[in-house]
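In the UniProt record's numbering, the protein residues as written are 1 to 511. Note that beta-carbon positions come from the ideal geometry of N, C-alpha and C, so glycine has one too. All figures in this text were calculated on a predicted structure; none of them were measured in a lab. Here's the structure we're looking at; comments come further down.
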């Protein structure tokens, strides 16, 4: 639209008294037209809203009827039960949480709730965490009394949920673990809740796991449960009496983990571990804490473990590699596929891994190695890597830095050890290093790029800042399917001074 004031528009020009009437006359017709357009738009919007409303009604009608034909509604119950079972955690047993199966399955619809509640195998595995009741000074103040009552009610609800959960399991074999962090004065209420159980009460109990954090707990109450005819998997950690005194069906165990506290009255020496293993001919998975013992001679007999495929050793000794090797020389492990070793080598003591290397070299089915680097000296770790059998496909190493490690102690794992591993493990497919301190970026790059055939997975968590960006050099391998996760622990930035520092109205830092 043309206007005699076009050149004055969008400027700071101030019209004269004579020009004001001209502007008003000029806007008369446009304002009338604008009113007509607003009316038309309002009418069209109303018509559009009516159409949208009609469309939404039809959509709701159509979708509701389509839902009746949904394939999931016509699946047989046994198929749905199988899908529900596949939703359960595979790396651990179930927890009391509405965020995961089986609880969440019953919160989708009433039909799924009925199916989940009527499927016993969904409820046959449970991890129980006992709520902590705080120790409060007596006499109790009103606020502390309310706190104690609330915590006690919470524990009673947890017990009620546990009974309801297990009541849904029907006749399925049970798998239960109990985690209790109570202080000794309160220990009885935790585990003693289960004390009335007898072997007749748990005829289908297959897996029992108990972990506690105190040292003087009396576990006599579990003796009856251990006599259960179906118990095949047992895990006990914390203070443990002589395991050989437990009334277990040793010859039926397929999984056994015994990790007493480091200062337990009974000490699991190499000979004790041998005695335990000799009673478990069907054992497939085993984890043992091995206490320090003098260089006392072991029995001449070799313990046969024909089915054992996973062995996890935690050596409380100054020379874990030597101690574990000394134990392995007395074991026959024809089916060993996975070996784990944890412990802390005394840097002031000489140690070798000769026994360990020779035993593992003879394990022709060994595929997976998991170790603490601090279980070795640099030389013994080098010998260990050079002596691994060619069958090893997965190598995981954790640089623990135990609390008693001397400050500034260099890691046994360095560029040279990594190069030795690359040379002697031709079948290696997976490398995982956690808390890596000494290996350089360049050495890691050489290790990854030199592999023929190439690795499938590399995961390295550096405990330092990045020095060289090796990602561009790894890109061709990434394009061919290599899975990598290489992270760095960047040092914190120096604190910044604020212009408001020292004043009462300092603005809050943004989150």
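* Asked: Can you give the Cα-Cα distance for residue 40 and residue 102, rounded to whole angstroms?
  -> C-alpha separation (whole angstroms): 57 Å.
* **Simplified DSSP assignment, three categories, for residue 139** => Reduced to three states, the DSSP call for residue 139 is coil.
* Asked: When you compare only the Cα positions, how much space is there between residue 359 and residue 310?
  -> Going by the C-alpha atoms only, they are around 15 Å apart.
* Close-in-space but distant-in-sequence residues of the same chain around residue 98 (CB under 7 Å, 5 per side omitted) -> Counting only residues of its own chain and dropping the five nearest sequence neighbours on each side, residue 98 has a CB closer than 7 Å to the CB of 104, 107.
* Compare the C-alpha of residue 148 against each of 125, 131, 280, 383 and name the closest. => Selection 125, 131, 280, 383 evaluated against residue 148 yields 131 as nearest (Cα-Cα).
* Go to residue 122, then tell me how far its alpha helix (DSSP H) extends in each direction, as first and last residue. => Element bounds for residue 122: n/a, residue is neither H nor E.
* Asked: Does the Cβ-Cβ distance between residue 455 and residue 429 come in under 8 Å?
  -> A contact, by the Cβ cut-off of 8 Å.
* Asked: Can you name, in chain order, every residue of its own chain whose Cβ lies under 6 Å from the Cβ of residue 124, other than the five neighbours on each side?
  -> Here the set comprises 169, 172, 174.
* Specify the secondary structure class of residue 286 as computed by DSSP and reduced to three states. => In the three-state reduction of the DSSP assignment, residue 286 falls in the strand class, which pools E and B.
* **residue 164 to residue 67 span [Cα, whole Å]** => When rounded, the distance between both Cα atoms is 33 Å.
* Within the segment 334 to 359, note down every full beta strand (DSSP E) run reaching 3 residues or more, in order along the chain. => Entirely contained in the segment 334 to 359, the beta strand (DSSP E) runs reaching 3 residues are, in chain order, 338 to 343.
* **residue 369 burial status per 10 Å Cβ neighbour count (16 or more: buried)** => By the neighbour-count rule (16 or more Cβ atoms within 10 Å), residue 369 is buried.
* Asked: Residue range of the alpha helix (DSSP H) that residue 24 falls in?
  -> From DSSP, the alpha helix (DSSP H) with residue 24 extends over 19 to 26.
* Asked: Just reading off the alpha helix (DSSP H) that residue 80 is part of, what are its end residues?
  -> Residue 80 -> alpha helix (DSSP H) spans 77 to 86.
* Among 199, 380, 390, the one whose alpha carbon lies nearest that of residue 247 -> The candidate whose alpha carbon is nearest that of residue 247 is 199.
* To do: Can you tell me which of the three DSSP states residue 95 falls into?
  => Note: residue 95 maps to strand in three-state DSSP.
* Terminal residues of the continuous beta strand (DSSP E) containing residue 257? -> Residues 255 to 260.
* Asked: With a CB to CB cut of under 6 Å and the five nearest residues on each side skipped, what residues in its chain are close to residue 340?
  -> Excluding sequence neighbours, residue 340 sits near 312, 370.
* Asked: Does the Cβ-Cβ distance between residue 411 and residue 377 come in under 8 Å?
  -> No, Cβ-Cβ distance for residue 411 and residue 377 is not below 8 Å.
* Sorted by chain position, which residues of the same chain lie with C-beta nearer than 8 Å to residue 302's C-beta, five sequence neighbours on each side aside? -> Within the same chain, 330, 331, 332 come within 8 Å of residue 302 by CB-CB distance, once the 5 residues on both sides are set aside.
* Could you please give the first and the last residue of the uninterrupted alpha helix (DSSP H) stretch that includes residue 442? => That run of the alpha helix (DSSP H) goes 441 to 449.
* Asked: Between which two residues does the beta strand (DSSP E) carrying residue 396 extend?
  -> 394 to 398 is the span of the beta strand (DSSP E), which, as asked, contains residue 396.
* **Cβ-based burial, residue 116 [other Cβ within 10 Å; buried from 16]** => Buried is the call here.
* To do: Using the Cα positions of residue 292 and residue 83, report the straight-line distance between them to the nearest angstrom.
  => Computed Cα separation, rounded: 48 Å.
* To do: Go ahead and pull the three-state DSSP assignment for residue 431.
  => Residue 431 falls in the strand class under three-state DSSP.
* Touch test, the segment 342 to 349 against the segment 318 to 328, Cβ-Cβ under 8 Å, three pairs minimum -> Contact between the segment 342 to 349 and the segment 318 to 328 is present, with at least three C-beta pairs closer than 8 Å.
* Reduced DSSP secondary structure (H/G/I, E/B, other) of residue 316 -> Strand at residue 316.
* In or out: residue 404 buried (at least 16 other Cβ within 10 Å) or exposed? -> Bear in mind that a pLDDT of 45 at residue 404, under 50, signals an unreliable position, so the model cannot answer this.
* With which residues is residue 417 paired in a DSSP beta bridge? -> As computed with DSSP, residue 417 is found in no beta bridge at all.
* Could you tell me which residues DSSP puts in a beta bridge with residue 3? => Partner(s): none; residue 3 has no beta bridge.
* **DSSP beta-bridge partners of residue 207** => Beta-bridge annotation (DSSP): residue 207 is paired with 175, 233.
* Given that a residue counts as buried once 16 or more other Cβ atoms are within 10 Å of its Cβ, and exposed if not, what is residue 243? -> With 16 or more other Cβ atoms within 10 Å, it is buried.
* Which two residues bound the contiguous alpha helix (DSSP H) that contains residue 384? -> Run containing residue 384: 378 to 387, per the alpha helix (DSSP H) assignment.
* To do: Figure out for me which residue from 475, 432, 118, 448 has the closest Cα to the Cα of residue 422.
  => Of all alpha-carbon atoms in 475, 432, 118, 448, the one lying nearest the alpha-carbon of residue 422 is that of 448.
* Measuring CA to CA, which of 230, 426, 384 is closest to residue 453? -> Checking every option, the nearest Cα to that of residue 453 belongs to 426.
* Asked: Does the Cβ of residue 36 have 16 or more other Cβ atoms within 10 Å, making it buried, or fewer, making it exposed?
  -> Classified as exposed, residue 36 has fewer than 16 neighbouring CB atoms from the shown chains inside 10 Å of its CB.
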